[in-house]
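Have a look at the structure below, then the notes.
There are 2 protein chains.
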Amino acid sequence: MDAPKISRETVLDTAMRIVEEHGLAALSMRRLAAELGVAVTGIYWHVGNREVLIGRLVERVVGRLGDITAAGSTPEQRILAVGHRLRRLIHDHPHMIALVYEHGQTALMMLPAERALAQEVGAAGLQGTAGAQAVRAVLHHVVGYVLLERAVSQSPEQHPSAAELWEGEAGADAALAQALSAPFDPDRLFELSLSALVRGLLMG
Amino acid sequence: MDAPKISRETVLDTAMRIVEEHGLAALSMRRLAAELGVAVTGIYWHVGNREVLIGRLVERVVGRLGDITAAGSTPEQRILAVGHRLRRLIHDHPHMIALVYEHGQTALMMLPAERALAQEVGAAGLQGTAGAQAVRAVLHHVVGYVLLERAVSQSPEQHPSAAELWEGEAGADAALAQALSAPFDPDRLFELSLSALVRGLLMG
DNA sequence: ACCTGAACACCGTTCAAGT
DNA sequence: ACCTGAACACCGTTCAAGT
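Chains Z and V supply the protein sequences, listed in that same order. Each residue of the first sequence is one higher than the last, beginning at 1 in the working numbering. Each residue of the second sequence is one higher than the last, beginning at 1001 in the working numbering.
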């Protein structure tokens, strides 16, 4: 046997695959070693320990994020398009985003979208601090929405108490209470809330 | 020795204290047992296992959330006030909120604020589905913002690459790029983005 | 009813030893 | 340079046994 059995790259590759398929909790050093066909301790020569291994994974994910580009004719449409693409990007890699989030690298992950938004916000006429705040407001809204979305959709069941809570309402609020006790479409809510935010931002 | 050394209540009490002070990761059955002055296995008689123990903690946190009330003269002001109070509530119990979030009970946690918002949104003239969507948009914006805020503030350092990224910009965007490379005040951004969202929602 | 102790199957990590 | 094996200090959980 001459060539090394594993390398830092192969370790990262299969670690990445485990996280993508089964989540971070499934990434144990022993399982990783088993899938690599090596003794547990063999890993430690290539990556220092589990913490730095995860750090390298985060770097990879962030580094491989492609650019985000706008689309549409008006600045408002183009800002919305960036928001939708960022949301889509996060949705497509749930485990990896969780990884980045839990290691406090979310700000880095948002950079491509931030660039795209800066351009469109500038085109919409917002300069300097006002423009920066608009960019950040949209960014925070989108990423925050997706983070929350993940939690709510994970929710074991539509809690019965949630529906019951709105039953006793009377008068003009009855229709509102009724509507709140029904399930909702997260795509529509995202669309609606983001466009409301952008409208509010663009009018100063 | 006649009276039991521990009860389900005392187990939950000290488990809660550990999580509040040191986070969920610090809650091990063995540490819990040690702090209770009992053998590890003694815990299992009172709460089935670690999973159901955490489930009970989540129930407690959710059950102990007080009401959220509005304040201010105009509907817009009162909606903003609810948003600020919800954010404050979450900020005040970071570990517990993380607990609720990671166990998919965030929707339940938002109920008090949802009630308060429903009332104010109704008073602002939004009924039925439109009102429900406005309530949910504000709710998602606030909670999402705080979730993201936690991640970004956890971020080890203001990444140098973030600042460098904006250096080469030219022309009218220079001021915007400059503003984006500077740190920002999360309180101000929250205030600004929430009020923009509410403005956008109230104007249909 | 309430608690202990031994035992099992897992972890991450270190370190001397092998090739 | 690269990998193994033994060992250590942790986990959560089960179960027979004690009182």
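Glycine included, each C-beta is placed from N, C-alpha and C at the ideal position.
Local conformation of residue i per DSSP, three classes
i, result
"F1184/V", "coil"
"M203/Z", "coil"
"S1007/V", "coil"
"Q127/Z", "coil"
"Q1133/V", "helix"
"Q962/V", "In the structure as shown, chain V begins at 1001 and stops at 1204. Residue 962/V is therefore absent and cannot be evaluated."
Start-to-end residues for the alpha helix (DSSP H) that takes in residue i
i, result
"A25/Z", "Looking at the DSSP string, A25/Z is not in any alpha helix (DSSP H), and its letter there is neither H nor E."
"P112/Z", "111–123"
"M1096/V", "1094–1102"
CB contact flag (residue i, residue j, <7 Å)
i, j, result
"V135/Z", "V121/Z", "yes"
"H95/Z", "E20/Z", "yes"
"A130/Z", "A1132/V", "no"
"V142/Z", "L117/Z", "no"
"L1201/V", "A196/Z", "yes"
"L99/Z", "L1147/V", "no"
"V62/Z", "M109/Z", "yes"
"A113/Z", "L86/Z", "yes"
"A26/Z", "I18/Z", "yes"
"I68/Z", "L36/Z", "no"
"M29/Z", "V47/Z", "no"
"H1084/V", "Y145/Z", "no"
"A1175/V", "G66/Z", "no"
"L111/Z", "R56/Z", "no"
"I1043/V", "A1034/V", "no"
"A123/Z", "P186/Z", "no"
"R1078/V", "A1070/V", "yes"
Inset, instruction - Return the chain-ordered ranges of every beta strand (DSSP E) run that is complete within the region 1033–1082 of chain V and spans a minimum of 3 residues. - result: none
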